[in-house]
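Sequences listed follow chains A and B, in order. Once you know that position 331 of the first sequence is 330 in numbering that gives the first Met the number 0, the rest is easy, because the numbers rise by one and skip nothing. Once you know that position 214 of the second sequence is 213 in numbering that gives the first Met the number 0, the rest is easy, because the numbers rise by one and skip nothing. In this text, a Cβ means the ideal position worked out from N, Cα and C, and glycines have one as well.
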Amino acid sequence: MRDVAIIGAGMIPFGRRDEDSLMDMLAYASLKALDDAGLGDRSVNAVYVGNMGAGIIQHQTSIASSLVDRLSLLPAAADVVENGPASGGSAVKNGLLAVASGYYDIVLVVGGEKMREVTGWRATDFVATMTHPQAEYPYGITLPGMGGMFTRLYMEKWGVTREHLLAVSLKNQAMGALNPYAHVEMTLDREGIFDSPDAVVNNPTAADPLHLYDLCPVSDGAAAVILCPLEMARKMSKAPVLIAGFGQATDTHTLQERDDPTDLKAVTLAARQAFEMAKLKPSDIDVAELHDAFTILEIAESEHVGFFKKGEGGKAAAAGKTSFGGQIPINVSGGLKARGHPVGATGVAQVVDIVFQLRHELPKNRQVKNARHGLTVNFGGFGNNVTSFVLKRVES
Amino acid sequence: MPLDMELEEILRPTQYPMPPYPPKVIVLANGKKMVIRQAAREDVPAILKSVHPCLSIERDYYDIVSARLYGELLAWYRYRVKSEYCLLGQVDGYLVGVVNGRMETDKVGMSYHTLAIDRGLRIGSHLFAAKMEYHLEYLGQEEILIVAESPIGFRRWMIEYPLEKTNIPHELGGGDSYRLTRAIYQAAKSRLVTGERPVPCKLLDEAEAEIKFADDDTIRERIAGLKGR
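Laid out in structure tokens, this is it:
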């Protein structure tokens, strides 16, 4: 197995992009990553596209074939990778394995989703297609509904409070306001969404006990990275970032089949695999991008990857330990909460954000000082298919 | 000119007596304080300056809503509509939203339009709620007729309250008419109608001193969400 590095990273602003098609977005993000990589006359051997719903939302399939043609990358191999909201993470994994195996040298991985061209109801229904087709979906379950039930259980078992959820929401929105790629560039105020009587309108219950600002927005967006062998990357101009570790694990499709629905085993296993491969431990991580589709997930994942003991994640967030400048800054990009969650793009966007951090190229108000190691967790289904990466800055 | 004045008297509709809407202040999600107050007829030219840039925004039917609102406000300004009113939302003096409506009869209100100039803060929800509050709690009406022109409006009014379908046609035309009755309002009030009175003098003075408005490009960018491009 060869060591694999990221030599190019790019992303387009997430949000509602009425004027762009899904293919436009995938192409823009890809071109930014290709420009960033500065490949010169080297050609891309393969393209992996992370996408969950083009067949459903856009009624368009074979989007990887379409993208290579659009980008004039023919005859590069091209595949779509679908793994629900972890499609992006799985696409990066496929690119990683393809380069590590020695079969391909240069791989483009791009993730994208265009969700705002349908109503919020249809987008929610589309995301719910990942639930169990007999045991869950027919009964009207949605992902926010699952998130609400999970939160209630987590509160009862691990002592998480609304104050803890609020801390995550305020933190991620504040960071998102500094991120030009974020869907929601708006800081929130405690009084406006929690203390004031007006909060009942500003921040209504979405899926009890989750409120509007506990949920990520429905977004359009795309992000891309270029992978190549580390040895090749060392000869190129841009500072490479090593994919030092990778892990992926699955869990039961339905939540009720788990011994303890609050135990996100797939997160624990995926992160453990990534740490073991990287020969690092949670305390070595300088910055992390965790899958906060709901505020509770950031808290739960921060415990399951090993940053905090069970029951301590919420308190840590409330104490500022996961804030920028804290013990372990989490979701400095704003996370899914503020950067947005175009499902197929998210796993790639998390990697892009960590690459920016490890190359030390962000503005001071978002750059984690001397960041050398970063972690991502991309959460598919409701924790039934999770990918995790440990990235490492390569010193010249 | 005397003849013109006679004609003018004929053309001007008679007005129902309309008690004033007492201003209130709302804390928005970003912590800013929005003053909701009743506009005076003399405010219309300033309001129209903020509405005008929205005429070219197709997104979410802003073009239709703002064009109709523009006409309705102009008609009110020039005395061509009966018993119309307009409520404003202002943050730091800046106009962030406008709602209007009128009294159809002494018991029935006609909701016209809701235009949020700053988005993502549920300004439209707060202003629509203020409009309903005005009809039912201050004008003493029993119901308000409402029609939606955008999916957002449909979600916010028809579904969130939820409103009751009616066969009584709404004067804006369009799709099915709905109505907010006093009973529906009372049931929805605790979760949709908020605000504090009286408004602190400093805030109210600032709002009343001048209706400030952002430049056209800023308004278009805020509404159409063209950030970064």
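Supposed close pair VAL98(A), ALA90(A) - CB separation, criterion 8 Å: Between ALA90(A) and VAL98(A) the Cβ distance is about 13 Å, and since that is not below 8 Å, they are no contact.
Near-chain A residues of the stretch 152-186 of chain B - C-beta to any C-beta below 7 Å: none
Closest residue to ALA205(A) among HIS252(A), MET148(A), SER195(A) (Cα-Cα distance): When the alpha-carbon of ALA205(A) is set against those of HIS252(A), MET148(A), SER195(A), the nearest one is in MET148(A).
8 Å contact criterion, which ASN330(A) and GLU288(A) should meet: CB distance rounded: 6 Å
8 Å Cβ cutoff met for SER124(B) and ARG155(B): yes
8 Å CB neighbourhood of PRO21(B) in its chain, flanking five on each side removed: Excluding sequence neighbours, PRO21(B) sits near TYR137, ARG196, PRO197.
As assigned by DSSP and simplified to three states, the class of VAL354(A): Helix at VAL354(A).
Contact list for PRO150(B) against chain A, beta-carbon separation under 8 Å: THR118
Cutoff 6 Å; reference VAL3(A); Cβ partners in own chain excluding five residues on either side: LEU95, VAL98, ALA99, LEU226, ILE242
LEU177(A) beta carbon less than 8 Å from that of ARG365(A): In contact: ARG365(A) and LEU177(A) (Cβ atoms closer than 8 Å).
Extent of the continuous alpha helix (DSSP H) to which ASN201(A) belongs: First-last of the alpha helix (DSSP H) with ASN201(A): 198-201.
Identified DSSP bridge partners for SER168(A): Beta-bridge pairing links SER168(A) to no other residue.
Start and end residues, beta strand (DSSP E) containing HIS372(A): 372-379
Buried or exposed by the 16-neighbour rule on C-beta atoms within 10 Å, applied to LEU72(B): buried
Touch test, the stretch 159-173 of chain B against the stretch 138-145 of chain B, Cβ-Cβ under 8 Å, three pairs minimum: yes
Close Cβ partners of MET4(B) (< 8 Å) along its chain, the five nearest in sequence each way excluded: For MET4(B), where only same-chain residues beyond five positions count, there are no Cβ hits under 8 Å.
ASP216(B) (DSSP reduced to helix, strand or coil): helix
Nonlocal neighbours in the same chain, by C-beta distance under 7 Å from ALA36(A), ignoring five residues either side: Closer than 7 Å at Cβ, skipping near neighbours: ILE6, GLY7, ILE225, LYS237.
Neighbouring residues, chain B, relative to ILE192(A) (Cβ below 8 Å): ALA28
Neighbour list for VAL199(A) in chain B, Cβ cutoff strictly below 7 Å: ARG190, THR193
Beta-ladder partner(s) of GLY49(A), from DSSP: In the DSSP assignment, GLY49(A) forms a beta bridge with VAL80(A), GLY110(A).
Cβ of ARG58(B) within 8 Å of any chain A Cβ: yes
Beta carbon proximity, HIS125(B) to chain A, threshold 8 Å: yes
Residue-chain proximity (THR186(A), chain B), Cβ-Cβ < 8 Å: yes
Cα-Cα separation, LYS130(B) to SER195(A): One C-alpha to the other measures close to 21 Å.
Cβ-based neighbour list, LEU229(A), same chain, cut-off 8 Å, excluding 5 preceding and 5 following: ARG1, ASP2, VAL3, ALA4, PRO239, LEU241, VAL393
Alpha-carbon to alpha-carbon, VAL34(B) and VAL90(B): 6 Å
Where the beta strand (DSSP E) through PHE149(A) begins and ends: Here PHE149(A) belongs to no beta strand (DSSP E); instead the alpha helix (DSSP H) covers 142-157.
Minimum Cβ-Cβ distance from GLY119(B) to chain E less than 8 Å: No chain E is part of this structure, whose protein chains are labelled A and B.
The beta strand (DSSP E) enclosing ALA102(B), as first and last residue numbers: According to the sequence shown, residue 102(B) is Met rather than Ala. 93-102 is the extent of the beta strand (DSSP E) around MET102(B).
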